[in-house]
Structures are given as C-alpha cells and as structure tokens.
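Below is one structure, written out as structure tokens, with a few remarks after it.
Numbering (UniProt numbering), first residue to last: 1 to 302.
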C-alpha cells in the first residue's frame with residue numbers, strides 16, 4: 001500500500017467535497033424542501049454513478065444468482081441507512097441548526113460503530129481502549145448537543161433538529177455495519193445499487209409530502225447538482241482509488257477532515273458563529289475517534 005502525494009491529494013479532496021455538502025444543503029433549503037433535497041441528491045447520485053459503471057464495464061449485482069440477491073438485500077439496507085434516512089434527517093435538521101453543527105455530528109459515526117459492531121461483527125469486539133474511546137467521544141456528544149455548541153437560531157425545533165442530525169450519524173453507523181456484513185463485491189457496484197434502492201424509497205415519499213419541486217434559484221439548483229454529483233456519487237470513485245492504493249486505514253483519516261471543513265465553510269461562507277463549546281466538543285469527539293482508530297472496512301460519505 002502506497003500513501004503517495006496523489007493519495008493525500010485525493011484524501012484532502014474527499015474531505016473538502018464532503019465537508020462542503022452541509023453548506024450545500026443549507027443553500028438548497030432556500031428553495032426546496034428536505035425530502036425533495038434528499039430525493040434529488042440520491043437520484044442524481046444514482047444516475048451519475050450508474051454512468052460511471054457503464055463506462056467502466058462494471059455491472060450491478062446479478063439477481064439471478066443467490067450471491068447477487070444477498071448483495072441486493074444489503075444494498076436495500078444501505079439504501080435506507082446510508083442514503084434515504086440520513087439525507088432526509090440532515091436536510092430537515094439543517095432547517096433549524098447551522099451547517100457546521102451537522103458536519104461535526106458526522107464525527108460521531110465511527111464512535112457509534114464501536115458498540116454496534118461489538119454485537120453484530122464477530123471480529124470487532126469492544127476492548128478497554130475502544131470503550132474508553134467511546135466514553136471520551138460520548139462526552140463530546142453531550143457537550144455538542146446539550147451545551148449549546150452553536151448559538152441558537154431562535155427556533156422551537158432546534159433541540160429536535162440537533163437530535164435529527166445525531167440520529168443521521170447513527171444511521172450512517174448502521175449503514176457502515178451493513179457494508180461490513182455484505183458479501184465481498186465491487187465497491188462501486190454496491191454503492192450504485194444502494195443509491196438505486198434509496199431512490200426508490202425516498203422519491204415517492206418526497207412527491208407525496210412535498211409535490212413536484214418548483215423552479216429554484218440558480219444558487220439552490222447548483223447546490224442540488226453539487227450534492228448529487230460530487231459527494232454522493234463521484235466521491236465514491238475517489239474512495240475506491242484511495243482504498244485500493246493506500247488501504248482502508250489511510251482512508252479512515254477522512255473522518256477527521258469532514259467536520260473541520262464543514263465548520264470552516266459554514267463560518268466563512270455562511271457567516272455561522274463558532275462559540276468555544278463547539279471546539280471543545282470537536283476535540284473530544286476526534287480525540288475519542290483517534291484513540292479507537294483501527295483498520296476496518298467502513299462506509300464513507302456525508
């Protein structure tokens with residue numbers, strides 16, 4: 001495994017791409033509802049990634065084979081836990097909390113994975129170090145959720161929105177576990193199948209609840225296109241390249257970048273405030289994440 005300059009550039013690019021996704025959601029919310037944003041993001045991502053599969057000569061899992069049907073079953077789980085549910089929760093939550101707050105919540109994903117994997121993945125038992133790691137990260141979550149890590153936006157729904165962002169992190173953790181338990185297959189094929197499943201789940205709900213989307217501003221439309229094509233679809237191509245060249249442990253370093261970039265984009269481009277509590281919670285969460293870091297197969301995304 002080689003961690004050359006080109007892989008560091010790809011890793012940095014992934015951090016920026018995923019970190020900017022939270023700002024993009026805030027921009028898209030100016031003209032579109034949260035369900036519509038989630039549906040458009042997943043559908044555009046599925047189309048873009050399917051196009052990549054076609055030109056790469058990679059096929060979707062074969063439903064005619066038992067192994068292929070098993071993979072599609074896991075793709076359904078991933079479509080729900082890694083795409084439809086967290087994208088909806090984050091889009092709704094960001095109506096009432098700052099984008100940087102949502103980004104910092106994503107740092108909790110690997111910490112959620114620790115106790116869940118203990119029961120579902122035989123090779124991922126909790127050790128003393130991992131338990132301490134989870135405890136430190138949990139303190140960071142308490143600071144983040146309970147001690148006004150971001151200044152209030154003055155909404156009655158703010159507490160629920162914070163919990164929605166944290167619940168999205170839990171969904172990503174469950175999606176990560178589903179990825180680990182899935183039979184070995186091409187990562188791009190699996191990601192495309194999951195997005196297709198997620199699209200079939202969320203599009204009918206979005207049409208039922210919010211109707212056909214209207215014409216948004218150029219900025220909100222650009223934000224939607226960005227969400228669907230870059231962080232949802234094409235970032236998966238970079239993930240595959242980095243994992244193949246440098247390994248999953250190197251790839252896991254992106255978990256430290258995403259919350260930092262989300263905070264920077266929110267503060268610099270959206271004018272979000274950054275009180276000291278935010279940095280305390282971020283330091284605790286990332287410290288716990290660093291302590292519990294171990295080589296493992298993880299579902300990446302934001």
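The beta-carbon is built from N, C-alpha and C at its ideal position, and this holds for glycine as well. What you are looking at is a predicted structure, and each value in this text was computed from that prediction instead of being measured.
Check: Quick one: is residue 303 buried, meaning 16 or more other Cβ sit within 10 Å of its Cβ, or exposed?
Finding: Outside the shown range of the chain (1 to 302) lies residue 303, about which nothing can therefore be said.
Item checked: Proximity below 8 angstroms, CB of residue 37 to CB of residue 291 -> For residue 37 and residue 291, no; Cβs fall outside 8 angstroms.
Check: Does the distance from the C-beta atom of residue 13 to that of residue 106 stay below 8 angstroms?
Finding: Residue 13 is not a Cβ neighbour of residue 106, given a cutoff of 8 angstroms.
Item checked: Helix, strand or coil at residue 63 [DSSP, three-state] -> If DSSP states are grouped into helix, strand and coil, residue 63 belongs with coil.
Next item on the list: Please list, in chain order, all residues of the same chain as residue 194 whose beta carbon is under 7 angstroms from its beta carbon, the five residues on each side excluded.
Entry: If we look at residue 194 and ignore the five residues flanking it on each side, its Cβ neighbours are 75, 78, 79, 82, 83.
Next item on the list: Could you check if residue 208 is buried or exposed, using at least 16 other CB atoms within 10 Å of its CB as the buried criterion?
Entry: So residue 208 ends up on the exposed side.
Notebook entry, point to check: Mapping DSSP to helix, strand and coil, what is residue 58?
Noted result: Correct three-state label for residue 58: coil.
Check: Quick one: does the C-beta of residue 238 sit closer than 7 angstroms to a heavy atom of the ligand NAD?
Finding: With respect to the ligand NAD, the structure offers nothing, as it holds no ligand at all.
Next item on the list: Have a look at residue 112 and residue 62 and give me their C-alpha separation to the nearest angstrom.
Entry: The alpha-carbon atoms of residue 112 and residue 62 are separated by roughly 32 angstroms.
Notebook entry, point to check: Since residue 204 is in the alpha helix (DSSP H), which residue starts that stretch and which ends it?
Noted result: Element bounds for residue 204: 187-210.
Note to self: Rounded to whole angstroms, what is the Cα-Cα separation between residue 47 and residue 237?
What the structure shows: If I take the Cα positions, the gap works out to 14 angstroms.
Margin query: Looking at residue 90: is its Cβ nearer than 8 angstroms to the Cβ of residue 98?
Written below: Pairing residue 90 with residue 98 gives a Cβ-Cβ distance that is not under 8 angstroms.
Next item on the list: With 8 angstroms as the threshold, decide whether the Cβ of residue 97 is near any Cβ in chain D.
Entry: Absence of chain D from the displayed structure is noted, only one protein chain being present.
Next item on the list: Give the straight-line distance between the Cα atoms of residue 216 and residue 121, rounded to the nearest whole angstrom.
Entry: Answer to the nearest angstrom: the Cα atoms are 44 angstroms apart.
Note to self: Buried or exposed, going by whether 16 or more other CB atoms sit within 10 Å of the CB of residue 39?
What the structure shows: Counting every other CB atom within 10 Å of its CB across the protein chains shown gives residue 39 a total of 16 or more, marking it as buried.
Note to self: In the DSSP assignment, the alpha helix (DSSP H) including residue 180 goes from what residue to what residue?
What the structure shows: It spans 158-181 - the alpha helix (DSSP H) in which residue 180 sits, taken as one unbroken run.
Note to self: Less than 8 angstroms between the C-beta atoms of residue 177 and residue 222, yes or no?
What the structure shows: Cβ atoms of residue 177 and residue 222: not closer than 8 angstroms.
Note to self: Excluding the 5 residues flanking residue 167 on each side, which residues of the same chain have their C-beta closer than 6 angstroms to its C-beta?
What the structure shows: If we look at residue 167 and ignore the five residues flanking it on each side, its Cβ neighbours are 89.
Margin query: For residue 8 and residue 156, I'd like the C-alpha separation in whole angstroms.
Written below: Spanning the two alpha carbons is a distance of roughly 42 angstroms.
Next item on the list: Out of 6, 30, 35, state which residue places its alpha-carbon closest to the alpha-carbon of residue 212.
Entry: Selected option, being the one with the closest Cα: 35.
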